[in-house]
Amino acid sequence: MEKSDIRYQAYVSILEEELKPAMGCTEPIAIAYCAAVAREVLGGLPEKVKVGASGSMIKNVKSVIVPNTDHLKGIPAAAAAGIVAGDPKKELEVIASVTKEQIAAMKEFLQTTPVEVEHIDNGITFDIIVTLTRGTDTSMVRIANYHTNVVHIEKNGEVIRDIPVNGEEEEGLTDRSLLDMEHIWDFIHTVDVNDIREVLERQKTYNMAIAREGMRGKYGSNIGALLLDMNGNDVRTRARAMAAAGSDARMNGCELPVIINSGSGNQGITASVPVIVYATELGVDEDTMYRAMALSDLTTIHQKTPIGRLSAYCGAVSAGAGSGAGIAYLSGASYDEVVHTVINAVAIISGMVCDGAKASCAA
């Protein structure tokens, strides 16, 4: 694939758009981000908070720990974190820097300020509307379709921003319909690795760091350590254990950021960590590892595009199939063998239902 090919630049852009840093589970962080923007627009702490969220958002926020909150859970906690301590300029790292005093202030805020949560159905899967009130002043912010897509801002009824929401179309992002396995395969063999090195090096650094922390610390059920204890330290077990450990840490309040894929930290971990573990075991050079990671990431994004960022299906299935493609490539598989690896992975565990983000995602 030549650099002049429309797909070449699109694939580079897609990796840059999708592989973003995030602190904690991305759905509560999206609510924190929305609330932080609303607080900035309001100009101070509100006396009343209302959070409207789509069903899939509620499912993915209600049971997961919000980082940097002293283990608070749920939509009110996520909103309070964004309002009290959020920096909206940092987007999905909105609550990455929180002091002990701010954590105490969050808890006091939740005790003294009414936070109403309601289910909204505007015909889209990913929808958040935060409304804040202070005296006669109000602010309202809406995020739709993906985690940082602020489509509406208003203060005291005056519209500051209004971007039309056309169903579940993701405005402002590179066309994902350009993705297909044949061209992804061509891309990863011909790409100038320097064009993707920075984003993949960051993915490796961040996601391996949280995986190692998950193995060291006591998070959730310690699935990573349990796998090694039960099955030994061979590369197949180690690849699964490291990914599970990263998820355990992330879903149980670890304050390290991850590089997400398709809006999900667990998918970002699953699409990258096993590939990196295999690359290390096989002793391949850095460029080959990055090509394998790009194959895994793009395969994951390709699968998730028609499914949607939030759905009733477990996203780790798509990421696991992507990781399988990357590992097969590292093992010398042909294009047909890589494609059938993905097909087999999806066939074995397709339809796994997501009942919400929580600690058991690591399993």
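Going by our numbering, the first residue of the sequence shown is number 9, and it counts up by one from there.
Every residue gets a Cβ at the ideal spot worked out from N, C-alpha and C, and that includes glycine.
Source: prediction; values computed, not measured.
For the alpha helix (DSSP H) holding residue i, just list the boundary residues, first then last.
i	result
E35	T34 to L50
H191	M189 to T198
A372	Any answer about residue 372 is impossible in this case: the structure gives the chain only from 9 up to 371.
V243	V243 to M259
D305	E294 to I315
K108	K108 to T120
P29	Here P29 belongs to no alpha helix (DSSP H); instead the beta strand (DSSP E) covers P29 to M31.
V173	Per DSSP, V173 belongs to no alpha helix (DSSP H) and is neither H nor E.
V20	I14 to E26
L387	No answer is possible for residue 387: the residues shown for the chain start at 9 and end at 371.
G222	R205 to R224
Within a Cβ cutoff of 8 Å, which residues of the same chain sit near residue i, ignoring the five residues on either side of it in sequence?
i	result
F195	M9, R15, Y16, Y19, A302 and L306
S21	T182
I449	Outside the modelled stretch of the chain, which goes from 9 to 371, sits residue 449, for which no answer is possible.
Terminal residues of the continuous beta strand (DSSP E) containing residue i?
i	result
D135	D135 to R142
I61	Residue 61 is actually Ala in this sequence, not Ile. Taken as a continuous stretch (DSSP letters only), the beta strand (DSSP E) holding A61 covers K56 to A61.
I161	V158 to K163
D170	E166 to D170
A233	A233 -> not in any beta strand (DSSP E); alpha helix (DSSP H) instead, spanning I231 to N239.
DSSP on residue i, reduced to helix/strand/coil?
i	result
I83	helix
H348	helix
P265	strand
A152	strand
S147	strand
I128	coil
S319	coil
I103	coil
I284	helix
V74	coil
S272	strand
Going by the beta-carbon positions, is the gap between residue i and residue j smaller than 9 Å?
i	j	result
H155	T34	yes
V173	A152	yes
R317	F134	yes
N164	S147	yes
M189	V347	yes
A341	S304	no
I103	A87	no
I218	P265	yes
S64	S358	no
A365	D256	no
E294	M31	no
N260	A85	no
I161	V149	yes
Could you name the residues of the same chain whose beta carbon sits closer than 7 Å to that of residue i, not counting the 5 residues immediately before and after it, in chain order?
i	result
V207	L23, E24 and L27
A272	Here residue 272 is Ser; the residue named in the question, Ala, does not match the sequence. Contacts found: T34 and G323.
C270	The sequence given here places Ser at residue 270; Cys does not occur at that position. The answer, listed in chain order, is E26, T308, I309, K312, R317 and G323.
M216	V281 and I284
N239	T245
Check whether chain D comes within 9 Å of residue i, counting only Cβ atoms and requiring the distance to be less than that.
i	result
I356	Looking for chain D here will not work: only one protein chain is present.
Excluding the 5 residues flanking residue i on each side, which residues of the same chain have their C-beta closer than 6 Å to its C-beta?
i	result
A253	A219, G222, M223 and G232
A113	V92
Inset, instruction - Would you check if the stretch 319-338 and the stretch 297-309 touch, i.e. whether three or more CB-CB distances between them fall below 8 Å? - result: yes
Legend entry - At least three beta-carbon pairs within less than 8 Å, the stretch 18-30 to the stretch 66-73: no
Legend entry - Three-pair Cβ contact test at 8 Å for the stretch 133-141 versus the stretch 48-57: yes
Inset, instruction - Report yes or no: do three or more beta-carbon pairs, one from the stretch 274-289 and one from the stretch 331-345, lie closer than 8 Å? - result: yes
Inset, instruction - Spell out a yes or no on whether the stretch 227-240 and the stretch 179-194 are touching, meaning 3 or more CB-CB pairs, one atom from each, closer than 8 Å. - result: no
Legend entry - Three or more C-beta pairs below 8 Å linking the stretch 104-123 and the stretch 41-51: no
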